[in-house]
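In the working numbering, each residue's number is its place in the sequence shown (first place is 1) plus 2. C-beta: ideal position from N, C-alpha, C; glycine also. The structure displayed is predicted, hence computed values, not measured ones. Notes follow the structure.
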Amino acid sequence: MSFTDDDLNAIAGLFHLAGRLKTLKRQGWIDRGVDQPESVADHSWRLALMALLISRRSEGIDPERAVTLALVHDLPEAIVGDITPFDDRLKDDPDRARLFHELPEYSQQADIAKTDAERRAIRELTADLPDDLGILLIDAWEEYETGQTPEARLVRQLDKLETWLQALEYQSADPNLVIESFRKGTERDLTDATLFELMRAISNRQCDE
């Protein structure tokens, strides 16, 4: 292990900024009025665990890479916050119950703006890191964002599944919680047959409890 003092200072700075995700509450749960909603770091932790286990049984998937993508995918939110597909619509439409029954979709303009903001953020977060470490994080975020590798496609689907699981857990505590948009979004984005069966298992287990 070989780091200069500057390297260590830069890494310590990144760790400090990343720590913001431990207290940054996920906006989708705030919008729905969830009491004590999870943080972005909470979500990323369980997603990483899911990526570790599912990737070990998935042909052609590198488990280490899958876990890396899961850990890094929301890192820019330490700077830009948690942007959701409903942000703009909530400004104009007070009927939250109706909105949260709809399929979550970013407008093209909102999607481009979100990607651009997060791309700037990941570069800001890594600007002072040693080149190899900065490239590691930037490349992992870009890989997840574009979804062109088997690992990225797997983790992007698991991201939906983790959120669906969390939605069911919150609804078990509050039966009036509207989570239909999460179900629709997950069913739309799952393309792997095994993951679709995992969604069924998750849903059935929650119904049994």
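Going by beta carbon distance, what residues of the same chain come within less than 7 Å of residue i, once the five residues before and after it are set aside?
i, result
"R22", "A80"
"V42", "L23, L26, R28, D76, E79 and D84"
"L192", "Q159, K162, F198 and M201"
"I63", "S57, P152, E153 and L156"
"T117", "E147"
Suppose the cutoff is 6 Å on Cβ atoms and the five residues either side in sequence are ignored; what does the same chain contact list for residue i look like?
i, result
"T86", "Q29 and G30"
"H2", "With the chain represented from 3 up to 211, any question about residue 2 goes unanswered, as that position is not in the structure."
"W143", "V74 and I124"
"A215", "Given a span of 3 to 211 for the chain in the structure shown, any question on residue 215 remains unanswerable."
Give me the DSSP bridge partner(s) of residue i.
i, result
"K27", "S41"
Tell whether a beta-carbon distance below 8 Å holds between residue i and residue j.
i, j, result
"D90", "A123", "no"
"A68", "S46", "no"
"L131", "L16", "yes"
"G136", "T128", "yes"
"A99", "V36", "no"
"Q168", "E40", "yes"
"F88", "L101", "yes"
"Q208", "L170", "yes"
Could you give the residue range of the alpha helix (DSSP H) that holds residue i?
i, result
"E61", "No alpha helix (DSSP H) holds E61; DSSP gives it neither H nor E."
"A154", "P152 to A175"
"H103", "Element bounds for H103: n/a, residue is neither H nor E."
"N178", "N178 -> no alpha helix (DSSP H), and no H or E assigned at all."
"F17", "D7 to A20"
"V36", "Taken as a continuous stretch (DSSP letters only), V36 belongs to no alpha helix (DSSP H), as it is neither H nor E."
"Y146", "D133 to T148"
"I85", "That residue, I85, is in no alpha helix (DSSP H); it is neither H nor E in DSSP."
"L77", "Where L77 is concerned, there is no enclosing alpha helix (DSSP H), given that its DSSP letter is neither H nor E."
"D194", "Careful: D194 lies outside any alpha helix (DSSP H) and carries neither H nor E."
"A112", "Q110 to T128"
Thinking just about the alpha-carbon of each residue, which of the options is nearest to the one in residue i?
i, options, result
"T165", "P65, L19 and F184", "F184"
"R158", "S57, S4, A20 and S109", "S57"
"K93", "M52, D37, Q110 and D33", "D33"
"A115", "H18, A12 and V82", "V82"
"H103", "D9, E182 and H18", "E182"
"A20", "R190, D44 and D176", "D44"
"D2", "Y108, H18, T6 and S60", "Residue 2 lies beyond the stretch modelled for the chain, which goes from 3 to 211, so this question has no answer here."
"K186", "T196, A119 and E107", "E107"
"D176", "Q38, E120 and T196", "Q38"
Within a Cβ cutoff of 8 Å, which residues of the same chain sit near residue i, ignoring the five residues on either side of it in sequence?
i, result
"D141", "none"
"T188", "K162, L163, T165, W166 and M201"
"P65", "A53, L54, S57 and R58"
"R190", "L105"
"L126", "Note that residue 126 is Glu in the sequence shown here, rather than Leu. Closer than 8 Å at the Cβ level, and outside the excluded window around E126, lie I81."
Taking 7 Å as the cut-off, does the CB of residue i come closer than this to any heavy atom belonging to the ligand ZN?
i, result
"D118", "No copy of the ligand ZN occurs in the structure displayed, which carries no ligand at all."
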